[in-house]
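What follows is one structure encoded as structure tokens, with my remarks underneath.
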Amino acid sequence: MERVVLLDTSAIIYRAFYANPHFRTKKEPTGAIYGFTLILQKIIKEFSPKMIGAAFDVSRSTLKRTESYSEYKA
């Protein structure tokens with residue numbers, strides 16, 4: 423069976439950043455990149471997906487949900 427994996431990339435990067443706070447190159451934090459790469463490698467090894475999609479969150483200011491639906495609460 424062919425598999426497709428969709429990543430919640432923003433959540434993975436957030437998790438990886440705080441899980442690896444001491445990973446740095448000079449003064450730049452690199453824990454998010456390192457952690458994301460490890461998680462991606464694990465997913466590829468475990469699931470062998472044919473395709474991988476990456477979804478990112480957008481900034482709150484760009485969301486127009488309340489304009490479309492005035493009763494929107496989240």
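Residue numbers (this note's numbering): 423 to 496. Glycine included, C-beta positions come from ideal geometry on N, C-alpha and C. The model shown is predicted, which means the values in this text are computed figures rather than measured ones.
For R437, the three-state secondary structure derived from DSSP is helix. Taking C-beta separations shorter than 8 Å and ignoring five residues to either side along the sequence, the partners of D430 in its chain run A477, following chain order. In the structure shown, the three-state DSSP call for E468 is helix. Shown here, E450 sits in a strand according to DSSP, grouped into three states.
Nearest C-alpha to I461 among R437, V426, E493, E489: R437.
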